[in-house]
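**Student:**
In this note's numbering, the protein residues as written are 1190 to 1603.
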């Protein structure tokens, strides 16, 4: 393992950390070491300021009204959509739908596409690595429609077995849902290859990008995915906002998920005519401030550069992996050749919840449990893990603090 810090130091981490007020907190009389970024990352002052500016000088409901503030809010909301379009390299801004997050986006596709085009005996392919948000909606659909879910297995390292995945396709395959990056293990799936395989069989693919969008450059046209979903709160934005990207031709064929205001062109008690995309899928008053805040977060990350962020986090992951590998009685869970900055681990003789509790006493925030990925835990024979997940604002010193904290946990239980 190469512990060279040169790549990491290419970014001015101290300057970046100054943008995040929460990182100056003391927790249990220790400096906060925030290593729970896969659950939710922190928000820079620039995003906080943008939210305040909207709320204090621009807020109104969007569309339809002719007054000045409504016009400003509408323009800012649609500008946010264009910012997200550019961030993921979508062909058109109408292919970007604002949702409340990844879970909402996946449910939108299940209801809007799945309930219309998937029927009895049809098959849906998922992988063992999926978050519950990309399992449960499809189970609900399968139960309703009499469809069948087939699951691509993983090896002990946490990598999808590609030959097995390819072997799942047949004449009844109608849909594929797959994670870009495993939230539980950090595995980066070869999604471009997996999408190409599905398209060879004429099958559309939804990619859960919740753990990928914060950590790497996303180009949906290059991936050729049919749908792509992610959440704002994992990439330095507000909670309650996310996006669904969908190819325009597919979105136009789908039925709306929610009915209400602004998703219609006309309504009578005899018939409703739906609005054009993306508005067909954005019923009611949308999360206007959150969408504008998400765009500000994307601008912030783009200003740093997604490639620079990826290099930074990979350096952290490599360093942390090397430090934990040196600890007796500590085992890293998820050793895929290609990983994002997620490090799940177990300590011999110590329950993960005890690990998290004791680390918290030292001001170190990690996530413990099954990470809403119980099939992964079952496959690996574990009830839970402890998970440290890194962002570009974390430091090598924080990795050292994690290592020291693990040693302290071990001393308690020895």
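Ideal Cβ placement from N, Cα and C applies to all residues, glycine included.
Predicted model only: the values in this text are computed from it and were never measured.
Output needed for residue 1401: all residues of its chain with C-beta closer than 6 Å, excluding positions within five of it in sequence on either side, in chain order.
**Tutor:** 1369 and 1370
**Student:** At which residues does the alpha helix (DSSP H) containing residue 1411 begin and terminate?
**Tutor:** If you look at residue 1411, you'll find it in the alpha helix (DSSP H) that goes 1409-1412.
**Student:** May I ask you to list the residues that DSSP assigns as paired with residue 1234?
**Tutor:** Beta-bridge partners assigned by DSSP to residue 1234: none are found.
**Student:** What are the boundary residues of the beta strand (DSSP E) that residue 1417 is part of?
**Tutor:** 1416-1420
**Student:** Am I right that residue 1526 and residue 1373 are in contact with their C-beta atoms under 8 Å? What's the rounded C-beta distance?
**Tutor:** That belief does not hold up - the Cβ atoms of residue 1526 and residue 1373 are roughly 17 Å apart, past 8 Å.
**Student:** Counting C-beta neighbours from all protein chains within 10 Å, is the total for residue 1542 16 or more, i.e. buried, or is it exposed?
**Tutor:** With fewer than 16 neighbouring CB atoms inside 10 Å of its own CB, residue 1542 falls in the exposed class.
**Student:** Put residue 1305 into one of helix, strand or coil per three-state DSSP.
**Tutor:** helix
**Student:** How many angstroms separate the CA atom of residue 1597 from the CA atom of residue 1310?
**Tutor:** 54 Å
**Student:** Using a threshold of 7 Å, state whether the C-beta atoms of residue 1430 and residue 1243 are closer than that.
**Tutor:** Going by beta carbons, residue 1430 and residue 1243 fall outside the 7 Å limit.
**Student:** Going by CA-CA distance only, name the one from 1327, 1208 and 1538 that's closest to residue 1301.
**Tutor:** The residue with the shortest Cα to Cα distance from residue 1301 is 1327.
**Student:** Kindly list the residues whose CB is nearer than 6 Å to the CB of residue 1271, restricted to its own chain and excluding five residues on each side of it in sequence; keep chain order.
**Tutor:** 1282
**Student:** Just to confirm my understanding: we take residue 1424, look at its own chain, exclude 5 residues before and 5 after, and list those with CB closer than 7 Å. What are they?
**Tutor:** 1230, 1402, 1403, 1486 and 1490
**Student:** Check whether the segment 1409-1427 touches the segment 1454-1473, counting contact only when three or more Cβ pairs, one atom from each stretch, lie closer than 8 Å.
**Tutor:** The answer is no - the segment 1454-1473 does not touch the segment 1409-1427, with fewer than three Cβ pairs under 8 Å.
**Student:** Per DSSP, what kind of secondary structure is residue 1533 in: helix, strand or coil?
**Tutor:** If DSSP states are grouped into helix, strand and coil, residue 1533 belongs with the strands.
**Student:** Does the structure place the segment 1311-1330 close enough to the segment 1355-1369 that three or more beta carbon pairs sit under 8 Å?
**Tutor:** yes
**Student:** Measuring alpha carbon to alpha carbon, tell me which residue in 1588, 1546 and 1232 is nearest residue 1503.
**Tutor:** 1588
**Student:** Could you tell me whether the Cβ atoms of residue 1548 and residue 1555 are closer together than 7 Å?
**Tutor:** yes
**Student:** For residue 1368, list the residues DSSP reports as bridge partners.
**Tutor:** 1397
**Student:** Could you compute how far the alpha carbon of residue 1290 sits from the alpha carbon of residue 1422?
**Tutor:** 8 Å
**Student:** Can you tell which of 1582, 1202, 1315 and 1251 has the C-alpha that lies nearest to the C-alpha of residue 1472?
**Tutor:** 1251
**Student:** What residue range does the alpha helix (DSSP H) around residue 1506 cover?
**Tutor:** 1495-1514
**Student:** For residue 1482, which three-state DSSP category applies?
**Tutor:** helix
**Student:** Whose C-beta lies closer than 7 Å to the C-beta of residue 1225 among residues of the same chain, with five residues either side of it excluded?
**Tutor:** 1554, 1555, 1556 and 1578
**Student:** So which of 1457, 1470, 1269 and 1591 has the shortest CA-CA distance to residue 1478?
**Tutor:** 1269
**Student:** Give the secondary structure of residue 1388 by DSSP, where H, G and I count as helix, E and B as strand, and everything else as coil.
**Tutor:** Residue state, collapsed to three classes: helix.
**Student:** Go ahead and label residue 1533 buried or exposed: buried means 16 or more other beta carbons lie within 10 angstroms of its beta carbon, across all protein chains shown.
**Tutor:** buried
**Student:** Apart from the five residues on each side of it in sequence, which residues of its chain come closer than 6 Å, Cβ to Cβ, to residue 1198?
**Tutor:** Residue placement at residue 1198 is flagged as unreliable, the pLDDT there being 43, under the threshold of 50; a coordinate-derived value is accordingly withheld.
**Student:** Please classify residue 1363: does DSSP put it in a helix, a strand, or coil?
**Tutor:** strand
**Student:** Whose CA, out of 1522, 1208, 1288 and 1457, lies closest to the CA of residue 1419?
**Tutor:** With distances taken between Cα atoms, residue 1419 lies closest to 1288.
**Student:** Would DSSP call residue 1218 helix, strand or coil?
**Tutor:** coil
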